[in-house]
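> Mind looking over this structure? Questions follow.
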Amino acid sequence: MLFKKRVLVTDYCTGKLTHLFSQESEMTWDNLRTRCDDAALSQADKNLYYDNLRAVMSRLMQIAIAKNSKMSSGIAAQLFMDDYLKKRGLTEIDSLSGEYSQAFGSSYTDGVTPMVELFAHKVTQSKMAEHTKRQFYTAFYVILKTFFEEFESIKLVTV
4 MLFKKRVLVT DYCTGKLTHL FSQESEMTWD NLRTRCDDAA LSQADKNLYY DNLRAVMSRL
64 MQIAIAKNSK MSSGIAAQLF MDDYLKKRGL TEIDSLSGEY SQAFGSSYTD GVTPMVELFA
124 HKVTQSKMAE HTKRQFYTAF YVILKTFFEE FESIKLVTV
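Sequential numbering from 4 applies to the sequence shown in this note's numbering.
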């Protein structure tokens with residue numbers, strides 16, 4: 004694409020975060036949880052499950068922004084997201100997102116694998132079945148790919 008559509012960081016992040024905290028997202032995650040047919044995941048606290056998925060998704064979004072945008076847009080996105088969560092009393096999501104960032108950065112070859120392991124630990128005390136971990140591994144990569152594909156047609160700007 005010759006010219007990318009310019010999108011304000013605040014507009015992009017608002018849209019993504021609104022969707023992330025929507026009932027539609029929760030229904031999608033509930034369906035994934037059911038399809039996994041995993042006893043440990045089924046017994047996990049629903050809010051803990053949602054919070055960890057929100058943290059993972061927000062981290063994947065930040066990774067895509069950092070890899071596909073100018074540093075100023077990446078910083079603006081991080082600050083906007085921090086403020087968005089803080090104003091809504093959701094600082095635990097920000098804290099969890101930081102843990103997922105460390106997990107992603109802990110591998111030189113595949114940051115998603117340690118994210119999945121951390122997710123399994125946080126949500127099921129590491130009792131999640133291997134087939135379920137593989138499903139989340141695939142799901143996280145699909146999400147990351149979707150974010151990257153978005154940046155083929157848009158450019159984040161701060162003004």
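We put the CB at the ideal spot given by N, CA and C, even for glycine.
Pop quiz: Leu51 and Ile146 are said to be a contact at Cβ under 8 Å. What is the actual Cβ separation, rounded to whole angstroms?
Working through the sequence shown from its first residue, we reach residue 51 at position 48. Working through the sequence shown from its first residue, we reach residue 146 at position 143. Between Ile146 and Leu51 the Cβ distance is about 19 Å, and since that is not below 8 Å, they are no contact.
> Counting only the same chain and skipping the five closest in sequence on each side, list residues whose C-beta sits under 6 Å from that of Ala47.
Mapped onto the sequence shown, residue 47 falls at position 44. Within the same chain, Ala47 has close Cβ partners Val126, Thr127.
> Are the beta-carbon atoms belonging to Ile66 and Phe107 less than 8 Å from one another?
Start at 1 with the first residue of the sequence shown, and residue 66 comes out as number 63. Start at 1 with the first residue of the sequence shown, and residue 107 comes out as number 104. Annotated as proximal: Ile66 and Phe107, with beta-carbon spacing under 8 Å.
> Looking only at its chain, what residues have a beta carbon closer than 7 Å to the beta carbon of Phe122, apart from the 5 residues adjacent to it on each side?
What you label residue 122 is simply residue 119 of the sequence shown in a count that begins at 1. Excluding positions up to five away in sequence, the list reads Asn55, Val59, Phe139.
> Do Pro117 and Ser109 count as a contact pair if the criterion is CB distance below 8 Å?
What you label residue 109 is simply residue 106 of the sequence shown in a count that begins at 1. What you label residue 117 is simply residue 114 of the sequence shown in a count that begins at 1. Yes, the Cβ-Cβ distance between Ser109 and Pro117 is below 8 Å.
> Return the residue from the list Val12, Tyr144, Ala42, Leu35 that minimises the CA-CA distance to Ala132.
What you label residue 132 is simply residue 129 of the sequence shown in a count that begins at 1. Cα-wise, what sits closest to Ala132 is Ala42.
> What's the C-alpha gap between Met84 and Arg36?
As a first step, residue 84 must be located in the sequence shown, where it is residue number 81. As a first step, residue 36 must be located in the sequence shown, where it is residue number 33. In a straight line, the C-alpha of Met84 is about 26 Å away from that of Arg36.
> For Lys89, count neighbouring C-beta atoms within 10 Å of its own C-beta (all shown protein chains included) and say buried if the count is 16 or more, exposed if not.
Reading the sequence shown from its first residue, position 86 is the one you call residue 89. Per the 10 Å Cβ criterion, exposed.
> At what residues does the beta strand (DSSP E) containing Leu93 begin and finish?
Translated into positions along the sequence shown, residue 93 becomes position 90. Note, Leu93: premise wrong, no beta strand (DSSP E); not H, not E.
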